[in-house]
Each structure stands twice: as structure tokens, then as C-alpha cells.
Amino acid sequence: MIGLERAEQIECDFPELVRRYQAMVFSLAWHFLHDRAVAEEVAQEVFFSLHRNLGSIRSPAHAAFWLRKVTAQRAIDEDRRRRRRPQVALADVPEPAAKASAADPLLGETLRRLVATLAEVPRMVVILRYQEDLEPSEIAELLEIPVATVKSHLQRSLSLLREKLARRGMGER
Amino acid sequence: MDWLELELKRALAPRDPPPGFADRILGRKPGFHARRWMAAAAAVIVIASAGYGYRWRQGLEAKRQVMLAVRIVALKTSHIQAQVKELTR
Amino acid sequence: MKPIRALILAPAFVAALAAQQFQIDLSALAAKASDTVDVSLNGATLRFAAKFLDGDDPEEAGVKKLVAGLEGIYIKGYKFKGRGAWSDADLDRIRTQLKPPDWSRIVGVKSTEDGETNEVYLRTGPKGITGVAIIAAEPSELTVVNIVGPVDLDSLATLTGHFGIPKVRIPHK
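Residue numbers (the working numbering), protein chains in the order written: chain E, 1 to 173; chain F, 1 to 89; chain X, 1 to 173.
What follows is the structure, given as C-alpha cells:
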């Protein structure tokens, strides 16, 4: 009965989980796949999966971990599926409207496009680090890879991004 | 964090999903509003949603392809419009 | 027997009418392309997909309006690493199918400086527009589009401003 009550309590909060984490899940998928329509599909599938697996969710914090993990997996799977099918070149796919910010929008857009060109695992590592503020150890647990590999991916990706930005004349100001 | 890491945090800040996203999830989940009768209705819901789920996935894939196609048309049309406007100034 | 055979063939005949309106035979270019787009959406697929488009989302509502009543969207696109992969002969194979009285060219822009050729053709019938063809050729990219059905040109024009594509504005010099 206790288990049932806890499951019922989590289930009562499913709408709250959707509202609380929809931006996180959608953004993970969007930053990784750089395709708004596909990101929305992946995000929807993740939440449908959450609903089916609600019984295994132990707490809201566990829900966040679960959502990040499943979104990462689904986004990587979708990327692999897309690479087997013809795709529009990234440069041709316009971005969804972003909120106005005081930051340089051109640099932000360029960075997002450059991140989207990283290899799969380093790309997800970068997104989890800078979108979600996760520590390397948390990323390692989520992606089930060694911490040293996460740190190596971060270091090499940052170096690559710096180099690509410099070639575009967009280095440090 | 150095300047690049700060710019990455800005560039990769979470963005809202399309309007109505949460409503689509909550409104379309079969069985969610029937949880009081879940024990009795579970078998029916599982069977129904298996077919529903497959059709749903097919629909999302079709939608994705249509959005891709229209984006390409929009890009090309926009480019041609710009060229024509430039020439007729 | 004959009447039964005619009945069976009729639906196929109707289906053939609603399919692509000209052959986009660019298969020789596919081998040279670094990126390929091949979209083939018939009327049934468009109608099915439209059910999943959100009328409350401005972008999806615009797409829903555009595809309503259409019988097909067919796109072949190729991106090449360098210039010179396609020639006028490739474009002529498309153009010879887009001649009067069925088709009329409403836009033809050629820039020798940029190496670009862009053309738009309309197919008209007694009830108005029944198809659109677009040939968009750049030095390292070639895209051919066929939209089948009563295309709403106003809806086509309002696509700019969506998908993150800025509305066309030419700055004053």
C-alpha cells in the first residue's frame, strides 16, 4: 500500500514534472539535434516514456536524472537514425526564434551550430555541462562512461571550438 | 570558467518548447485521466495504446517530413524573392 | 470483363495524376553529392501529417494552411563539395518538361557573377494553379521542387518570417 501511495503521489505530480522539466528536455534535444521539429518529437517521446515508467521514479530529483539520461539516449539514437537518411545540411536549417538577450546573438548562434558539429558523445557532454551545469562525475554517471573520458571530451571540444571560432575571427574579446 | 565557457552557458541556455507542448503531452496521454479505474482498464489501455502509439509515431514522422519539406521551400522561395527585389529596385 | 478492368485501373489512373508532375532525373548527380535531400510526400501523407500540426503554433498553422488541399510535395536537393558538379544540361532535362501550354515560367533570375540560376514555374488549369516548380541552382548546390495541387501563393509568400527566416528586406544603399 505504501508503494502504491508513493506511485500515486508521483503520478499526481506528472503534470508538474512536465511543466517543470519541459524546457530542459526540449533544450537538450534541440541543442543536440539542431532541428526543432525532431527535438519536439524526441521530447514528447521522453515524457510519454516517463509516464509509462512512473512507478520506478523514486523522487523529483530522480525524475530529473532519469529525464536527462533518457533524453540523452533518445537524442543520440535519433541522430544515428538521421545519419542513415538524407538530411538537409545544417547550414540550411534556420533556428527557432530565440529570446532577445544582451549577449552577442551572432556568437551564440555560431556556437550552437559549432556544438552541433561535434561528434555525438562529446556534443552531449558539452551540452550537459553548459546547459545543465552538471559536474563531470554527474555526466559520467548519466552517460555511463568514465569520468576521465568526460574530462577529455570537454577539454578537446573546448579546444576545437576555440580554434573554429578563431578561424571565423570570433575569438576572445 | 573562461570566456568561452561563459559564452557556451549563454548559447546553450534552456529555451522553451513550442507553445502548447505541455498541453499536448497531458491531453494526449491515454489512460492518464482514468487512473481511478486503472486496474480494470489497464489491459484495454495497453492494447489500445500499442496501436495508438504506432500511429502516433507514424504521424510524428510524417509531420517531421512535411516541416522539413516546407522549410526547404521557404528557404528557396525567400532567396528567390530577395534576388527579384534586388533586381527590381 | 472489360468494364471491371476499367474500374480497377481507374483509381490507379487518379493516383498517377496526383503524383509528381515532372521527372526530376538527377540521379547522376547523387554520386557526386556530399549531402542529399530526397523528399516525396503524396497527398495522403500530407493529409495525415496535417492532423499532427498544431493550429495554435504560428509556424505549424502556416504550414497547415499551405499544405491544405495539396496533392504532393517532391524535392530533390544536392550539395556538392566544389563547383561545377551540375551543368545547364542537367537543368535543361528539367526545363524541357516545364514548357507551355501546361507550364509557364513566372520568375527567371540568372546571375553570372554568383553562378546562380533560380526559376519558378506555374502549372495552371481551368480552376487555377495546379502546381509549382522551383529550380534553385547555386555553384555548389542544386534543388528542384515540385508542389502539386492548388498552391496558395499568398501562403507561400508568407513562409518568409517563419522558421527563423527573416522577412525579405533590401537595405537602402
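Backbone N, C-alpha and C define an ideal beta-carbon position, used for all residues, glycine too.
These numbers come from a predicted model, not from an experiment.
So residue i and residue j are in contact, right, with Cβ under 8 Å, and what is the actual spacing, rounded?
i	j	result
X/Leu41	F/Val73	X/Leu41 to F/Val73, Cβ: 11 Å. No contact.
F/Lys76	X/Val107	About 11 Å separates the two Cβ atoms, so there is no contact after all.
F/Phe21	E/Gln22	6 Å
X/Pro150	X/Thr130	7 Å
X/Val37	X/Gly77	4 Å
X/Ile135	X/Asn118	7 Å
E/Met170	E/Leu143	Their Cβ separation, rounded to whole angstroms, is 29 Å, which puts E/Met170 and E/Leu143 out of contact at 8 Å.
E/Leu50	E/Trp30	Actually they do not touch by this definition, with Cβ atoms about 18 Å apart.
X/Val67	X/Ala50	6 Å
F/Ala11	E/Leu158	Their Cβ separation, rounded to whole angstroms, is 13 Å, which puts F/Ala11 and E/Leu158 out of contact at 8 Å.
X/Asp35	X/Lys99	So it is not a contact: roughly 30 Å between Cβ atoms.
E/His34	E/Ala119	Wrong, their Cβ atoms sit about 14 Å apart, outside the cutoff.
Quick one: what's residue i bridged to in DSSP?
i	result
E/Leu71	Looking at the sequence shown, residue 71 of chain E is not Leu but Thr. Per DSSP, none; premise fails for E/Thr71.
X/Ala133	X/Tyr121, X/Asn146
X/Thr36	X/Tyr78
X/Lys110	X/Thr117
X/Ser104	X/Leu122
X/Leu41	X/Ile73
X/Glu141	X/Lys79, X/Glu138
F/Gly59	Per DSSP, none; premise fails for F/Gly59.
X/Gly128	X/Gly125
So that I know if they touch, is there some Cβ in chain E lying closer than 9 Å to that of residue i?
i	result
F/Ala13	yes
F/Leu87	no
F/Arg10	yes
F/Pro17	yes
Counting only beta-carbon atoms, is residue i nearer than 9 Å to chain X?
i	result
F/Leu60	yes
F/Ala39	Any reading at F/Ala39 must be qualified, since the residue scores a pLDDT of 46, below 50, and its modelled position is unreliable; no value is offered.
F/Ile25	no
F/Ala22	no
For chain F, is any of its Cβ atoms less than 9 Å away from the one on residue i?
i	result
X/Ile94	no
X/Glu116	yes
X/Ile24	no
E/Asp13	no
X/Arg129	The identity of residue 129 of chain X in the sequence shown is Ile, whereas the question assumes Arg. Not closer than 9 Å to any Cβ of chain F, the Cβ of X/Ile129 fails to qualify, so no.
X/Ala136	yes
X/Ser104	no
E/Ile76	no
X/Ser111	yes
E/Glu109	yes
E/His31	yes
E/Ser27	yes
E/Phe48	yes
E/Arg162	yes
E/Val18	yes
E/Gln73	no
E/Val115	yes
E/Val38	yes
E/Arg112	yes
E/Leu142	no
E/Leu67	no
E/Ala206	No answer is possible for residue 206 of chain E: it lies beyond the span of chain E, which begins at 1 and ends at 173.
E/Ala43	yes
Determine, using beta-carbon pairs with one atom in the region 54-61 of chain X and one in the region 83-90 of chain X, whether at least three such pairs fall under 8 Å. With a cut-off of 8 Å, the region 83-90 of chain X and the region 54-61 of chain X do not count as touching, because too few Cβ pairs lie within range.
Is the region 69-88 of chain X in contact with the region 17-30 of chain X, if contact means three or more CB pairs nearer than 8 Å? yes
Three Cβ pairs or more, each shorter than 8 Å: is that satisfied between the region 111-122 of chain X and the region 56-68 of chain X? no
Residues of the region 56-77 of chain X with a CB closer than 7 Å to any CB of chain F: list them in chain order, please. Asp56, Asp57, Val63, Leu66, Val67, Ile73, Ile75, Gly77
Cβ contact check for the region 21-36 of chain X and the region 146-155 of chain X: 3 or more pairs under 8 Å: Enough Cβ pairs lie closer than 8 Å, so yes.
Please list, in chain order, the residues of the region 61-75 of chain F that have any C-beta partner in chain X closer than 7 Å. Answer set for the region 61-75 of chain F: Ala62, Lys63, Gln65, Val66, Met67, Leu68, Ala69, Val70, Arg71, Ile72, Val73, Ala74, Leu75.
Is there contact here, the region 40-49 of chain E with the region 132-142 of chain E, by at least three beta-carbon pairs under 8 Å? Cβ pair count under 8 Å is below three, so no.
Counting pairs of Cβ atoms below 8 Å between the region 17-33 of chain E and the region 8-21 of chain F, do you hit three or more? Per the Cβ contact rule, the region 17-33 of chain E is in contact with the region 8-21 of chain F (3 or more Cβ pairs under 8 Å).
When you check each C-beta in the region 27-59 of chain X against every C-beta of chain F, which residues fall closer than 7 Å? Val37, Val39, Leu41, Thr45, Leu46, Phe48, Ala49, Lys51, Phe52, Leu53, Asp54, Asp56, Asp57
Take every Cβ of the region 76-84 of chain E, pair it with every Cβ of the region 146-153 of chain E, and state whether three or more of those distances are shorter than 8 Å. no
Residues of the region 119-139 of chain E with Cβ closer than 9 Å to any Cβ of chain F, in chain order: So the list reads Val126, Ile127, Arg129, Tyr130, Gln131, Glu132, Asp133, given in the order they occur along the chain.
Could you list the residues in the region 148-161 of chain E with a C-beta less than 7 Å from some C-beta on chain F, going in chain order? Leu158, Leu161
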